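Top to bottom, those sequences are chains A and B. Residue 156 in our numbering is what sits at position 156 of the first sequence, and the numbering runs on without skipping anything. Residue 477 in our numbering is what sits at position 138 of the second sequence, and the numbering runs on without skipping anything. Think of the CB as a built atom: it goes at the ideal place given N, C-alpha and C, for glycine as much as any other residue. All values derive from a computational prediction rather than experimental measurement. Below is one structure, written out as structure tokens; the observations come after it.
There are 2 protein chains.
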Amino acid sequence: MIKSKSTSLDVARLAGVSQSAVSRVFSGASASKATATKVRKAADALGYRPNSLARAMITGKSRIIGLVVAYLDNQFYPIALERLSNALQAQGYHILVFMAANGEDTVIKVVEELIDYQVDGIITASVAMSSNLTQRCAVAGIPVVMFNRGQDGSGHSSITSANVEGGRKIADFLVAGGHKRIAHIAGWEGSSTGRDRRRGFIDGLADHDQRPIAVIDGMFDRDAACKATRALMARPVPPDAIFVGNDHMAFAVMDTLRQELELRVPQDVSVIGYDDVPLAAWAAYDLTTVRQPVNRMVEATIETILAKIVDPARPTQKIEIDGPLIVRGSARIPKGWTQ
Amino acid sequence: MIKSKSTSLDVARLAGVSQSAVSRVFSGASASKATATKVRKAADALGYRPNSLARAMITGKSRIIGLVVAYLDNQFYPIALERLSNALQAQGYHILVFMAANGEDTVIKVVEELIDYQVDGIITASVAMSSNLTQRCAVAGIPVVMFNRGQDGSGHSSITSANVEGGRKIADFLVAGGHKRIAHIAGWEGSSTGRDRRRGFIDGLADHDQRPIAVIDGMFDRDAACKATRALMARPVPPDAIFVGNDHMAFAVMDTLRQELELRVPQDVSVIGYDDVPLAAWAAYDLTTVRQPVNRMVEATIETILAKIVDPARPTQKIEIDGPLIVRGSARIPKGWTQ
DNA sequence: TCCTTTTTTGCATACGAATGCACAAATCAT
DNA sequence: ATGATTTGTGCATTCGTATGCAAAAAAGGA
Numbered sequence: 001m002i003k004s005k006s007t008s009l010d011v012a013r014l015a016g017v018s019q020s021a022v023s024r025v026f027s028g029a030s031a032s033k034a035t036a037t038k039v040r041k042a043a044d045a046l047g048y049r050p051n052s053l054a055r056a057m058i059t060g061k062s063r064i065i066g067l068v069v070a071y072l073d074n075q076f077y078p079i080a081l082e083r084l085s086n087a088l089q090a091q092g093y094h095i096l097v098f099m100a101a102n103g104e105d106t107v108i109k110v111v112e113e114l115i116d117y118q119v120d121g122i123i124t125a126s127v128a129m130s131s132n133l134t135q136r137c138a139v140a141g142i143p144v145v146m147f148n149r150g151q152d153g154s155g156h157s158s159i160t161s162a163n164v165e166g167g168r169k170i171a172d173f174l175v176a177g178g179h180k181r182i183a184h185i186a187g188w189e190g191s192s193t194g195r196d197r198r199r200g201f202i203d204g205l206a207d208h209d210q211r212p213i214a215v216i217d218g219m220f221d222r223d224a225a226c227k228a229t230r231a232l233m234a235r236p237v238p239p240d241a242i243f244v245g246n247d248h249m250a251f252a253v254m255d256t257l258r259q260e261l262e263l264r265v266p267q268d269v270s271v272i273g274y275d276d277v278p279l280a281a282w283a284a285y286d287l288t289t290v291r292q293p294v295n296r297m298v299e300a301t302i303e304t305i306l307a308k309i310v311d312p313a314r315p316t317q318k319i320e321i322d323g324p325l326i327v328r329g330s331a332r333i334p335k336g337w338t339q
Numbered sequence: 340m341i342k343s344k345s346t347s348l349d350v351a352r353l354a355g356v357s358q359s360a361v362s363r364v365f366s367g368a369s370a371s372k373a374t375a376t377k378v379r380k381a382a383d384a385l386g387y388r389p390n391s392l393a394r395a396m397i398t399g400k401s402r403i404i405g406l407v408v409a410y411l412d413n414q415f416y417p418i419a420l421e422r423l424s425n426a427l428q429a430q431g432y433h434i435l436v437f438m439a440a441n442g443e444d445t446v447i448k449v450v451e452e453l454i455d456y457q458v459d460g461i462i463t464a465s466v467a468m469s470s471n472l473t474q475r476c477a478v479a480g481i482p483v484v485m486f487n488r489g490q491d492g493s494g495h496s497s498i499t500s501a502n503v504e505g506g507r508k509i510a511d512f513l514v515a516g517g518h519k520r521i522a523h524i525a526g527w528e529g530s531s532t533g534r535d536r537r538r539g540f541i542d543g544l545a546d547h548d549q550r551p552i553a554v555i556d557g558m559f560d561r562d563a564a565c566k567a568t569r570a571l572m573a574r575p576v577p578p579d580a581i582f583v584g585n586d587h588m589a590f591a592v593m594d595t596l597r598q599e600l601e602l603r604v605p606q607d608v609s610v611i612g613y614d615d616v617p618l619a620a621w622a623a624y625d626l627t628t629v630r631q632p633v634n635r636m637v638e639a640t641i642e643t644i645l646a647k648i649v650d651p652a653r654p655t656q657k658i659e660i661d662g663p664l665i666v667r668g669s670a671r672i673p674k675g676w677t678q
């Protein structure tokens, strides 16, 4: 039976070598074959495992990445979290998760705690950071990468999908479908993601000499989206198509249209979302949407942050990854539409 | 401008006190008002924050809880994660997240890494642990609490909802609704959760002199559930009601029934799920289901694990929390049903 | 075989904060 | 004002591992 926690010194004594030898075997430094086997054997006998915290103290690298996320009810984020976690695990990093509802004070507190834990880097998802906070991280020498949210002049790298282009694609598609009264329930105005999609969409409509008959901020919130839908459909001239700022809200819009207002999608109203979460493909919604390529966004995020950990001097990057329009059944399909 | 990372010694020097004084101010030990202010001032000036890792080394408490979770596509888990994280944050703990698809080797690796990080406790969600692993944790002196999964004789505490009773409630409800050909797409046979619900359900039917016309293991998987649905409905005598082992699969079942087989729910087939994830309340599904009281399960989990951290001698507990049947529109409602 | 070069190894120290101990200062009672 | 307590503080040590340095061992060259 194995006793309780044993240290490198215990192993050293049992193996008849010095503590440094044990350390070297476990940290992959040079060691002769002979001692390596002796040490390994002793370690196994004692159930020894190196203490990551002690190691982190010396090396200054905790191999912990802090992940700050605002909410998990939008399916996009748990999935991103899952992928991020898996990818980082594969690189020997680990994720310390913090929930931080958008709100300056919570985020501040959270980031301070992350700094306390000497995280090697911070990934923020769906969270904005004040410049104050930005500076704190800079001081602590902790690289920050913003996932699915950009922030100009923050000094942080950001990874998003090509939201402006995405908005344009949707505009093109709806116009091609012959829609004449197009409305937009936008993503939260306080987020770059929401703003960019909206801008691309409006610019895209303008290219066809149209303008949205209404734009309402849906705050990325389900209830807000339901309300917005009712407001839109109560207008004297209701829209014949709605572009919704993300899938999560689009589901709410479809529910409201179909069950509450007893309208048909897409016959009465076309609905388009943004994200292409798995749920969008389920038959109940069958939602036409723009895909955010999560896998590639995750890859880019990890690459960016790890590179910056290795070389802090590396300049910040703003990466935008293009995503396709996924045509399903929630919006009228233009005649002869290909691609 | 603040320089780079400063230590308690830097603060001590600036404040004109000893390093111990600084330590005591920040760890809440006794200190005079006078020194406390001096230290606080100096700390602010330097942007000092205590190093959690160093602190953890001395105290032997990392204030990190490891969370092992198998998947996040079932909405139940991200929500649990969110609640767990928030509750633990409030207690000054933090969550190190590990994804571990069910599979002995992954789990082993993950738990070892958790031990390396000296976590104070481990919460497993939807993950089984071998007795080998159990022993390792015991040796390392790390308490383990299993969330939404039980395991007799593992020596770990577990928090679940009252799954057997839940299964019974569903049986009662379906029978009261006059269903005569009841089928069950069960949760993964390898999980206590799946087994208990199934057992309660079958026992409940038996009390009314019925037996399910078929029981298929849906593995908690969407595709498996779709397949099972097709198989059930292709039978010479198809079921008039299906109890599905969790909501996540129930959505798949409803999608398949309605879109693919063009059947009406509940007119042609009643469907009942288990969990009551937010999605179940959305109009598109409006799913009758048994609620797992996440909040209370989370509370119990946290209470259990924190108690065991403080007092390792505390006996393991097996807590089951009762959850109500939430009657919505996906299953025929018995005449005169109250409650 | 002897000397040079390379590889191993142990020693001692460092990382940053917490804490037992002994002493100094402040508080209190008489 | 004096001695008895309580409170506050500094010193030195500790946690478990990594690493620069110097000495020892091994390998290589002639």
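### Query
Hey, is the segment 257–271 of chain A in contact with the segment 116–136 of chain A, meaning 3+ C-beta pairs nearer than 8 Å?
The count of Cβ pairs closer than 8 Å, one atom from the segment 257–271 of chain A and one from the segment 116–136 of chain A, stays below three, leaving the stretches out of contact.
### Query
Counting contacts by CB-CB distance shorter than 8 Å, is A:D73 in contact with chain B?
Taking the first residue of the first sequence as position 1, residue 73 of chain A is located at position 73. Closer than 8 Å: yes.
### Query
Using 8 Å as the limit for Cβ to Cβ distance, is A:I2 near chain B?
The residue given as residue 2 of chain A occupies position 2 in the first sequence. Low local confidence applies: a pLDDT of 41 at A:I2 is under 50, so the model's placement there is unreliable, with the coordinate-based value given in what follows. Yes, A:I2 lies at the interface with chain B (some Cβ there is under 8 Å from its Cβ).
### Query
Among residues of its own chain, excluding the 5 on either side of A:S8, which ones have a beta-carbon nearer than 8 Å to its beta-carbon?
The residue labelled residue 8 of chain A in the question sits at position 8 within the first sequence. Here A:S8 has Q19, V22, S23, F26, Y48, P50 as same chain residues with Cβ atoms under 8 Å from its own Cβ, once five neighbours each way along the sequence are excluded.
### Query
Can you tell which of A:E320, A:I115, A:A42 has the C-alpha that lies nearest to the C-alpha of A:S6?
To locate residue 6 of chain A, count along the first sequence from 1; it is residue 6. Closest by alpha carbon: A:A42.
#### Entry: Closer than 8 Å to chain B by CB, A:M99
Sequence index remark: in the first sequence, residue 99 of chain A carries index 99 (1-based). Closer than 8 Å to some Cβ of chain B, the Cβ of A:M99 qualifies, so yes.
### Task
For B:R402, I'd like the list of residues in its chain whose CB is within less than 8 Å of its CB, leaving aside the five on either flank, ordered along the chain.
In the second sequence, counting from the first residue as 1, residue 402 of chain B sits at position 63. Cβ within range, chain order: S391, A395, G431, Y432, H433, D459.
### Task
Compare the Cα-Cα distances from A:S165 to each of A:A225, A:A12, A:R199, A:E260 and report the closest residue.
In the first sequence, counting from the first residue as 1, residue 165 of chain A sits at position 165. Position check: residue 165 of chain A holds Glu in this sequence, whereas Ser was assumed. Looking at the Cα atoms, A:R199 is the closest of the given residues.
### Query
Distance, Cα to Cα, A:L14 vs A:L84?
Walking along the first sequence from the start, residue 14 of chain A turns up at place 14. Walking along the first sequence from the start, residue 84 of chain A turns up at place 84. Looking at the backbone, the Cα of A:L14 and that of A:L84 are separated by about 40 Å.
### Spatial distance of A:V298 from A:R197 (CA atoms)
Counting from one through the first sequence, the residue named residue 298 of chain A turns up at place 298. Counting from one through the first sequence, the residue named residue 197 of chain A turns up at place 197. Near 20 Å, if we compare the C-alpha coordinates of A:R197 and A:V298.
#### Entry: Reduced DSSP category for A:M99 - H, G, I as helix; E, B as strand; rest coil
Numbered from its first residue, the first sequence carries residue 99 of chain A at position 99. Looking at A:M99 - three-state DSSP - the assignment turns out to be strand.
### Where B:S371 falls, given that 16 or more other Cβ within 10 Å makes a residue buried
In the second sequence, the residue the question calls residue 371 of chain B occupies position 32. Classification for B:S371: exposed.
### Query
Is the shortest distance between the beta-carbon of B:A623 and the beta-carbons of chain A less than 8 Å?
Taking the second sequence and counting its residues from 1, one reaches residue 623 of chain B at position 284. Using a CB distance cut-off of 8 Å, B:A623 counts as an interface residue toward chain A.
### Query
In chain order, what residues of the same chain have a beta carbon less than 6 Å from the beta carbon of B:G516, not counting five sequence neighbours either side?
Counted from its first residue, the second sequence places residue 516 of chain B at position 177. Result list for B:G516: R671, P673, in chain order.
### Message
Within 10 Å of its beta-carbon, does B:K342 have 16 or more other beta-carbons around it, so buried, or fewer, so exposed?
### Response
Residue 342 of chain B sits at position 3 when you count from the first residue of the second sequence. Confidence at B:K342 is low in this model, with a pLDDT of 48, below 50, so the placement of that residue is unreliable and no value is reported for it.
### Query
Hey, how far is the Cα of B:K519 from the Cα of B:A573?
Start at 1 with the first residue of the second sequence, and residue 519 of chain B comes out as number 180. Start at 1 with the first residue of the second sequence, and residue 573 of chain B comes out as number 234. Answer to the nearest angstrom: the Cα atoms are 17 Å apart.
#### Entry: N-terminal and C-terminal residue of the beta strand (DSSP E) that B:M485 is part of
Residue 485 of chain B sits at position 146 when you count from the first residue of the second sequence. Looking at the DSSP string, the run of the beta strand (DSSP E) that includes B:M485 is 483–486.
### Task
Taking a Cβ distance cut-off of 9 Å, strictly less, list which residues of the segment 246–259 of chain A are near chain B, in chain order.
Residues passing the 9 Å Cβ filter: F251, A252, M254, D255, T256, R258, Q259.
#### Entry: Neighbour flag for B:Y432 against chain A, beta carbons, 8 Å
For the purposes of this step, residue 432 of chain B is identified with residue 93 of the second sequence, where counting begins at 1. So no, B:Y432 is outside the interface.
### Query
If we count the other Cβ atoms within 10 Å of its Cβ and call it buried at 16 or more, is A:E113 buried or exposed?
In the first sequence, counting from the first residue as 1, residue 113 of chain A sits at position 113. Counting other Cβ atoms within 10 Å of its Cβ, A:E113 reaches 16 or more and is therefore classed as buried.
### Task
Evaluate the contact criterion for the segment 408–416 of chain B versus the segment 613–631 of chain B: three or more CB pairs, one atom per stretch, below 8 Å.
In short, these stretches touch, since the Cβ pair count reaches three.
### Query
Between B:W527 and A:F251, is the Cβ-Cβ spacing less than 8 Å?
By 1-based counting over the second sequence, the position of residue 527 of chain B is 188. By 1-based counting over the first sequence, the position of residue 251 of chain A is 251. Not closer than 8 Å, so no.
### Message
Quick check: is the beta carbon of A:E82 nearer than 8 Å to any beta carbon in chain B?
### Response
Position 82 of the first sequence holds residue 82 of chain A. Nearest CB-CB separation between A:E82 and chain B: below the 8 Å threshold.
### Within chain A, the residues that B:S424 reaches when beta carbons sit closer than 8 Å
The residue you call residue 424 of chain B lines up with position 85 of the second sequence. Within chain A, the residues near B:S424 are V97, F98, M99.
### Task
Out of A:F147, A:I170, A:R168, state which residue places its alpha-carbon closest to the alpha-carbon of A:I159.
Within the first sequence, numbered from 1, the residue matching residue 159 of chain A stands at position 159. Looking at the Cα atoms, A:F147 is the closest of the given residues.
### Task
Give me the Cα-Cα distance between B:Q582 and B:G668, rounded to the nearest whole angstrom.
Against the second sequence, residue 582 of chain B aligns to sequence position 243. Against the second sequence, residue 668 of chain B aligns to sequence position 329. As written in the sequence, residue 582 of chain B is Phe, which differs from the Gln given in the question. When rounded, the distance between both Cα atoms is 14 Å.
### Task
Would you identify the three-state DSSP class for A:S330, choosing helix, strand or coil?
The residue given as residue 330 of chain A occupies position 330 in the first sequence. In the structure shown, A:S330 sits in coil (DSSP, three-state: anything other than H, G, I, E or B).
### Task
State the DSSP-derived secondary structure class of A:L263, mapped to helix, strand or coil.
As a first step, residue 263 of chain A must be located in the first sequence, where it is residue number 263. Coil at A:L263, not helix or strand.
### Task
Compute the Euclidean distance between the alpha carbons of A:P238 and B:A570, then round it to the nearest angstrom.
Mapped onto the first sequence, residue 238 of chain A falls at position 238. Mapped onto the second sequence, residue 570 of chain B falls at position 231. C-alpha separation (whole angstroms): 44 Å.
### Task
Kindly identify the DSSP beta-bridge partner or partners of A:G121.
For the purposes of this step, residue 121 of chain A is taken as residue 121 along the first sequence, with counting starting at 1. The beta-bridge partner set that DSSP reports for A:G121 consists of A:I65.
### Task
Check A:G273 in the structure and name its three-state DSSP category.
Locating residue 273 of chain A in the first sequence gives position 273, counting from the first residue. In the three-state reduction of the DSSP assignment, A:G273 falls in the strand class.
### Query
Shorter than 8 Å from the beta carbon of A:Y117 to some beta carbon of chain B?
Walking along the first sequence from the start, residue 117 of chain A turns up at place 117. Yes, because at least one Cβ of chain B sits closer than 8 Å to the Cβ of A:Y117.
### Query
Do A:T124 and A:V175 have their C-beta atoms within less than 8 Å of each other?
The count along the first sequence starts at 1 and reaches residue 124 of chain A at position 124. The count along the first sequence starts at 1 and reaches residue 175 of chain A at position 175. Against a cut-off of 8 Å, the Cβ pair of A:V175 and A:T124 comes out as no contact.
### Query
In this structure, what does DSSP give as the bridge partners for A:F243?
The residue you call residue 243 of chain A lines up with position 243 of the first sequence. Beta-bridge pairing links A:F243 to A:H184, A:I272.
### Message
Starting from A:S131, trace the alpha helix (DSSP H) in both directions and tell me its first and last residue.
### Response
Taking the first sequence and counting its residues from 1, one reaches residue 131 of chain A at position 131. Run containing A:S131: 131–140, per the alpha helix (DSSP H) assignment.
### Task
Give the range of the alpha helix (DSSP H) segment to which B:A360 is assigned.
Within the second sequence, the letter at position 21 stands for residue 360 of chain B. Run containing B:A360: 358–365, per the alpha helix (DSSP H) assignment.
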